[in-house]
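In UniProt numbering, the protein residues as written are 1 to 110.
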């Protein structure tokens with residue numbers, strides 16, 4: 001791992017920034033995008049296998065549900081949170097989480 005000892009999320013962000021920087025060559029932009037994608041996949045795999053040791057799964061599910069309906073959270077992260085809440089809910093109860101849609105409200109619409 002070339003980012004050992006560093007925050008992988010920050011490393012991914014750096015590669016994403018380089019991939020969209022007009023002062024970076026097209027070849028290096030593509031390389032950066034590929035590296036960012038690889039790190040993202042590694043993080044998702046790690047996150048999906050992570051247990052919630054020492055934490056109440058119901059509380060963890062509740063946290064993800066709250067994030068899923070928080071208007072200050074991006075639509076993408078709201079959807080990710082809802083998917084995580086659904087997965088935990090199904091593991092806990094054996095039933096899928098109901099109402100799995102996000103209706104993003106604009107901050108201006110309030």
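We treat Cβ as the ideally placed atom computed from N, Cα and C, and that holds for glycine. Small disclaimer: the values here were computed from a predicted structure and weren't measured.
Test item: CB-CB of residue i and residue j under 9 Å
| i | j | result |
| --- | --- | --- |
| residue 37 | residue 18 | no |
| residue 80 | residue 57 | no |
Alpha helix (DSSP H) segment containing residue i, residue limits
| i | result |
| --- | --- |
| residue 60 | 57 to 68 |
| residue 8 | 8 to 19 |
| residue 95 | Residue 95 -> no alpha helix (DSSP H), and no H or E assigned at all. |
Rounded straight-line distance, which links the Cα of residue j to that of residue i
| i | j | result |
| --- | --- | --- |
| residue 107 | residue 71 | For residue 107, the predicted model reports a pLDDT of 48, less than 50, meaning its position is unreliable and no value from the coordinates is stated. |
| residue 63 | residue 85 | 8 Å |
| residue 75 | residue 69 | 9 Å |
| residue 7 | residue 16 | 14 Å |
| residue 27 | residue 78 | 33 Å |
| residue 65 | residue 82 | 6 Å |
| residue 5 | residue 89 | 33 Å |
| residue 40 | residue 30 | 15 Å |
| residue 98 | residue 21 | 42 Å |
| residue 43 | residue 11 | 11 Å |
| residue 188 | residue 23 | This structure does not reach residue 188, given that the chain is present from 1 up to 110, and the question cannot be answered. |
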